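Notes follow once the structure below has been shown.
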Amino acid sequence: MNTRTKGRLLELRAEKELNLDDWITYRVKGTTRFNKNVDIFGEFDILAVKKGIHKYIQIKANQKPGPKDIARLKELHKKYFGPKTVFEWWTYWNRGKRKSKQGWEKILI
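Given below as structure tokens:
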């Protein structure tokens, strides 16, 4: 499975999980022949809204956010967003021998 397919499947899985928890979601549409995949604000894959709270979520497979990623997202939040906006980084772990580590790790930024 290539990385693009894996990413789209993880985004769908995350969107379904949010919808089951009564979040309204918008997911960035995939790349086609004539358009390019453009993330929300160049950073996020999913926007979820519930009772006035907005979640912007970045989806990754087997990759934690680095210090530069966290600093960039914190600066974006501080500059443009209010207290009812949440940035999250969801990592889906499916590599490695430890079964206990496999699954979603959700980091609040």
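Numbering of the sequence shown is given in numbering that gives the first Met the number 0, commencing with residue 0 and proceeding in unit increments. Note that beta-carbon positions come from the ideal geometry of N, C-alpha and C, so glycine has one too. Source: prediction; values computed, not measured.
Taking the C-alpha atoms as reference points, what is the distance between residue 15 and residue 25? So the two alpha carbons sit approximately 11 Å from each other.
Going along the chain, which residues of its own chain have a beta-carbon closer than 7 Å to the beta-carbon of residue 9, five neighbours each way excluded? Within the same chain, and ignoring the five residues on either side of residue 9 in sequence, the residues whose Cβ sits closer than 7 Å to its Cβ are 58, 60, 91.
Over the uninterrupted alpha helix (DSSP H) stretch that includes residue 16, give me the two end residues. Element bounds for residue 16: 2–19.
Given a cut-off of 8 Å on the beta-carbon distance, is the pair residue 45 and residue 56 in contact? Yes.
C-alpha distance - residue 0 paired with residue 102, whole-angstrom precision: One alpha carbon belongs to residue 0, the other to residue 102, and they sit about 18 Å apart.
Residue 69 (DSSP reduced to helix, strand or coil): In the displayed model, residue 69 falls within a helix according to three-state DSSP.
Under 8 Å by Cβ, that's how I've got residue 75 and residue 42 pegged, so tell me the actual separation to the nearest angstrom. Indeed they touch by this definition, with Cβ atoms about 7 Å apart.
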